[in-house]
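Asker: Quick note on the UniProt record's numbering: the sequence shown kicks off at 1 and runs consecutively. The C-beta atom is built at its ideal place from N, Cα and C for all residues, glycine as well. Before I ask anything, let me first share the structure, which is written out below as structure tokens.
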Amino acid sequence: MTSFVRRLTVGSTIPHVPVHQQKFKPTIEIPAFPLLPHNNQRPLGIALRSRKYWRVEAVGPVGRSEGGDCTKKAGGGPGPGPCSYSLGDRTTEVERRERNRTVEVVVAAGVTVVLGVGNRVLYKLALVPLKHYPFFLAQLATFGYVLVYFSVLYLRYHAGIVTDEMLSMPKAPFLAVGLLEALGAATGMAAGAILSGASIPILSQTFLVWQIFLSIIFLGRRYRINQLLGCFLVAVGVIISVARTCHMCEEEQKVEKGWLEEGEGQVVGSEATLAFIAKWLWILRDLACNMTSLVAKLAVNELAFCCQDDRVAQQAELSSGSSSGHSLKEAGMFWSLLMIVSFLFQAADTVLKEVIFLDAAQRLKGGSIDLFVVNSYGSAFQALFICLLLPFLSKLWGIPFSQLPNYLKDGAACFLNIGGTLSSRCDGAPLLPLLFVIVNMGFNISLLHLLKISSAVVSSLASTFSVPISVYVFTLPLPYLGVASSLPTGFVAGAIILVTGLLIYAWTPSGSTAALPSPSN
Numbered sequence: 001m002t003s004f005v006r007r008l009t010v011g012s013t014i015p016h017v018p019v020h021q022q023k024f025k026p027t028i029e030i031p032a033f034p035l036l037p038h039n040n041q042r043p044l045g046i047a048l049r050s051r052k053y054w055r056v057e058a059v060g061p062v063g064r065s066e067g068g069d070c071t072k073k074a075g076g077g078p079g080p081g082p083c084s085y086s087l088g089d090r091t092t093e094v095e096r097r098e099r100n101r102t103v104e105v106v107v108a109a110g111v112t113v114v115l116g117v118g119n120r121v122l123y124k125l126a127l128v129p130l131k132h133y134p135f136f137l138a139q140l141a142t143f144g145y146v147l148v149y150f151s152v153l154y155l156r157y158h159a160g161i162v163t164d165e166m167l168s169m170p171k172a173p174f175l176a177v178g179l180l181e182a183l184g185a186a187t188g189m190a191a192g193a194i195l196s197g198a199s200i201p202i203l204s205q206t207f208l209v210w211q212i213f214l215s216i217i218f219l220g221r222r223y224r225i226n227q228l229l230g231c232f233l234v235a236v237g238v239i240i241s242v243a244r245t246c247h248m249c250e251e252e253q254k255v256e257k258g259w260l261e262e263g264e265g266q267v268v269g270s271e272a273t274l275a276f277i278a279k280w281l282w283i284l285r286d287l288a289c290n291m292t293s294l295v296a297k298l299a300v301n302e303l304a305f306c307c308q309d310d311r312v313a314q315q316a317e318l319s320s321g322s323s324s325g326h327s328l329k330e331a332g333m334f335w336s337l338l339m340i341v342s343f344l345f346q347a348a349d350t351v352l353k354e355v356i357f358l359d360a361a362q363r364l365k366g367g368s369i370d371l372f373v374v375n376s377y378g379s380a381f382q383a384l385f386i387c388l389l390l391p392f393l394s395k396l397w398g399i400p401f402s403q404l405p406n407y408l409k410d411g412a413a414c415f416l417n418i419g420g421t422l423s424s425r426c427d428g429a430p431l432l433p434l435l436f437v438i439v440n441m442g443f444n445i446s447l448l449h450l451l452k453i454s455s456a457v458v459s460s461l462a463s464t465f466s467v468p469i470s471v472y473v474f475t476l477p478l479p480y481l482g483v484a485s486s487l488p489t490g491f492v493a494g495a496i497i498l499v500t501g502l503l504i505y506a507w508t509p510s511g512s513t514a515a516l517p518s519p520s521n
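Written as structure tokens, this is what we have:
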């Protein structure tokens, strides 16, 4: 069997066209006009057999250009030169798009880290004039964002950036976002009022765990071993670098001193590290005991608590007045679990936003929903639920609901730095609170943008990376804060572990695909 190959030219002249025979693969039978089977008989048809195949190749008058595909031959006529197409072109295009996307994610993550550091530092500065009105600052941010976001959304709609299809997206997911954010704020405030500052950095690392767990369930994500290991190291690094930065109360200082011999003075180096590890092992041990006792109480009310001897000694110490404040052991299991549930609400909120972006890409036929649509509706529903929870939230802040109007009025006067007696206590207002509100808004927008182009876990890692940097910034001489704080003992080691975890997470083994595809894809 033979086939003919004809070589055609593209150009003004037609050179000699060679025709040669070439061995080819067996022919394929193509049935034409198939008939329906009748009485279980074999269907009849006409088989067209072609013994000759034609392969046409377009070349230039003098051959291919040396400059590559679709390039113009030097000295040739007008118009582009001959073109050739291959699978390599498509592969190169995909690789170029992946590189561009990686650069975009890295830049967005860097902006998020910078704004995250500014957000934490400016929040501390904003509380200098508003130290008596932190609840006012929280409500100013909540309800002020609704006004700002919808104003920007209105402008973007008239500019043609936001379309009617985006605004017609189902509102139920945005309602759920607002509810989760409000519940996360309420439960976090309730638990934070009881738990010690040293225990919150440990419990806050459950946020990343919840995100991974929820993304596996609702998004079908599959994480590589290096990604899980990287997240674990990031959590450990944060705990080591910031757990000692909280202002430890008198009880925590006495607990720490209990691990050391009196008269030895301040320990340094490896002894301090061992004391730090021993302290947190003790806390984790008590946490396990609390969990066991909680399960036992639910099963049989008459069961005794585990570690009963330790608790008797603890109660004796409390009754003697040798300990004060709230530690993780004193607060009990309930408030620790409530804080963990708070981070569950926050993690569910971020994963739900990622689901919204994925759903919008399908509804908009490959398009992408604008960030301000998500921010505007989510903030509006959050403000609605915050209003419903105001009596509960004001009580958590120690403000009777009947006195809330006067409290907000005084907070507004301090924010504007007016009101005679208040002005002397509100130095730095309204500049510092306004700077915090602006930077916090930019941080939320950058965090949502990073979530949109990457994933909820990546945005969480970027936000977490800003924590130790903020700790270092607080050691610098900042205005309004007085004496700068000292660098924690385990800061350097924790920062190294954190950065190592981020590098391990970002490392992609050869021949593997990313476990976290972009929602926009």
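Hey, leucine 233 and glycine 442: beta-carbon distance below 8 Å or not?
Answerer: No, the pair does not count as a contact, with Cβ atoms beyond the cut-off.
Asker: Out of Leu451, Ser379 and Pro430, state which residue places its alpha-carbon closest to the alpha-carbon of residue 543.
Answerer: Shown here, the chain extends from 1 to 521; a query on residue 543 therefore has no answer.
Asker: Is glycine 220 helix, strand or coil when you go by DSSP?
Answerer: In the structure shown, glycine 220 sits in coil (DSSP, three-state: anything other than H, G, I, E or B).
Asker: Among Val437, Val236 and Tyr145, which has the Cα closest to the Cα of valine 492?
Answerer: Closest option to valine 492, Cα to Cα, is Val236.
Asker: Give me the Cβ distance between isoleucine 453 and glutamate 181, rounded to the nearest whole Å; I'm assuming they're in contact under 8 Å.
Answerer: With a Cβ gap of about 21 Å, isoleucine 453 and glutamate 181 do not count as contacting.
Asker: What do you get for serine 463, buried or exposed, if any count of 16 or more other CB atoms within 10 angstroms of its CB means buried?
Answerer: Answer is buried; the Cβ neighbour count reaches 16.
Asker: Could you give the distance in angstroms between the alpha-carbon of aspartate 359 and the alpha-carbon of proline 173?
Answerer: C-alpha separation (whole angstroms): 10 Å.
Asker: Applying the criterion that 16 or more other CB atoms from any shown protein chain within 10 Å of the CB defines a buried residue, is glutamine 362 buried or exposed?
Answerer: Glutamine 362 comes out exposed.
Asker: Using only CA atoms, which one of Tyr505, Pro468 and Ser486 lies nearest to serine 241?
Answerer: If we check each option's Cα against that of serine 241, Pro468 comes out closest.
Asker: Helix, strand or coil for glycine 144 per DSSP?
Answerer: DSSP places glycine 144 in helix when its eight states are reduced to three.
Asker: Under 8 Å between the Cβ atoms of serine 446 and phenylalanine 207?
Answerer: Not closer than 8 Å, so no.
Asker: What does a CB cutoff of less than 8 Å around residue 535 pick up in its chain, not counting 5 residues either side in sequence?
Answerer: As displayed, the chain neither begins before 1 nor continues past 521, which places residue 535 out of reach and without an answer.
Asker: Apart from the five residues just before and just after residue 582, which ones in its own chain have a Cβ nearer than 7 Å to its Cβ?
Answerer: Limits of the chain in this structure are 1 at one end and 521 at the other, which puts residue 582 out of reach.
Asker: Cα-Cα, which of Lys131, Ile386 and Asn444 is closest to valine 117?
Answerer: It is Asn444.
Asker: Taking C-beta to C-beta, are threonine 112 and leucine 450 nearer than 8 Å?
Answerer: Closer than 8 Å, so yes.
Asker: Quick one: using the 10 Å Cβ neighbour count with 16 as the cut-off for buried, is histidine 136 buried or exposed?
Answerer: First, the residue type needs correcting, since residue 136 is phenylalanine and not histidine in the sequence shown. Buried is the call here.
Asker: Can you tell me whether isoleucine 386 is helix, strand or coil according to DSSP?
Answerer: Helix at isoleucine 386.
Asker: Nearest to valine 471 by alpha carbon, out of Val121, Ala109, Gly110 and Thr92?
Answerer: Of the listed residues, the one whose Cα sits closest to valine 471 is Val121.
Asker: Take the Cβ of proline 477 as the centre, count every other Cβ of all protein chains shown within 10 Å, and call the residue buried at 16 or more, exposed below.
Answerer: Result: exposed.
Asker: Looking only at its chain, what residues have a beta carbon closer than 7 Å to the beta carbon of alanine 141, apart from the 5 residues adjacent to it on each side?
Answerer: The answer, listed in chain order, is Val437 and Asn440.
Asker: Taking the beta carbon of leucine 503 as the centre, do at least 16 other beta carbons fall within 10 Å, making it buried, or is it exposed?
Answerer: Exposed, since its Cβ has fewer than 16 Cβ neighbours within 10 Å.
Asker: Starting from valine 458, trace the alpha helix (DSSP H) both ways and give me its first and last residue.
Answerer: Segment 456-473, the alpha helix (DSSP H) holding valine 458.
Asker: May I have the straight-line CA-CA distance separating cysteine 289 from isoleucine 497, to the nearest angstrom?
Answerer: Its pLDDT being 46, under 50, cysteine 289 is placed unreliably in this model, and the coordinates cannot settle the point.
Asker: Kindly give me the distance between the Cβ atoms of arginine 156 and phenylalanine 372, rounded to whole angstroms, as I take these residues to be in contact under 8 Å.
Answerer: Arginine 156 to phenylalanine 372, Cβ: 6 Å. Contact.
Asker: How should asparagine 119 be labelled, buried or exposed, when 16 other C-beta atoms within 10 angstroms of its C-beta is the threshold for buried?
Answerer: Looking at its Cβ environment, which holds 16 or more other Cβ atoms inside 10 Å, asparagine 119 is buried.
Asker: Which first and last residues belong to the alpha helix (DSSP H) in which lysine 452 is found?
Answerer: Taken as a continuous stretch (DSSP letters only), the alpha helix (DSSP H) holding lysine 452 covers 431-453.
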